[in-house]
């Protein structure tokens, strides 16, 4: 039986420095971010879901708006009832860096405006988790975001 990897069925406006952040939690458990500020914000889109079986691999996609295709994307995992957890960032050149304690079976890559999160050797704890992407520009400016998900 295939595992389902739900992804938010929304387009996310990415954060950028010097913005104020408001959180909206929808009844469907999708977490959406609303931002206001004075910088051009990329739009990020993700497919609704992806499926794979245990011990297989799955590749999740996050697509940046074309004018922001050089931006860095950060991937987050949210398990039901828990706060989002930072997984990694992925640069436009395909390089990536995992967060502390993130297993090596999580990897990143890039092609054009697409940033990928690949989960290899899928475990039962990966099932029914939500995976989110967020972005900021390649200057390395840290977005205004809660400490738990800090740069």
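In the numbering used here, the protein residues as written are 2 to 152. Here a beta-carbon is modelled for each residue, glycine too, at the ideal position from N, C-alpha and C. Predicted model only: the values in this text are computed from it and were never measured.
Do residue j and residue i come within 9 angstroms of each other at the CB atom, strictly closer than that value?
i          : j           : result
residue 76 : residue 116 : yes
residue 63 : residue 88  : no
In whole angstroms, what is the alpha-carbon distance linking residue i and residue j?
i           : j           : result
residue 126 : residue 81  : 11 angstroms
residue 74  : residue 54  : 26 angstroms
residue 66  : residue 113 : 10 angstroms
residue 120 : residue 50  : 14 angstroms
What are the boundary residues of the beta strand (DSSP E) that includes residue i?
i           : result
residue 50  : 50 to 53
residue 109 : 107 to 112
residue 123 : No beta strand (DSSP E) contains residue 123, which DSSP labels as neither H nor E.
residue 80  : Taken as a continuous stretch (DSSP letters only), residue 80 belongs to no beta strand (DSSP E), as it is neither H nor E.
residue 97  : 97 to 99
Please check the pair residue i and residue j, which I expect to be a contact at CB under 8 angstroms, by giving their CB distance rounded to whole angstroms.
i           : j           : result
residue 131 : residue 118 : Not confirmed; about 12 angstroms, so no contact.
residue 103 : residue 56  : With a Cβ gap of about 19 angstroms, residue 103 and residue 56 do not count as contacting.
Going along the chain, which residues of its own chain have a beta-carbon closer than 6 angstroms to the beta-carbon of residue i, five neighbours each way excluded?
i           : result
residue 110 : 95, 117
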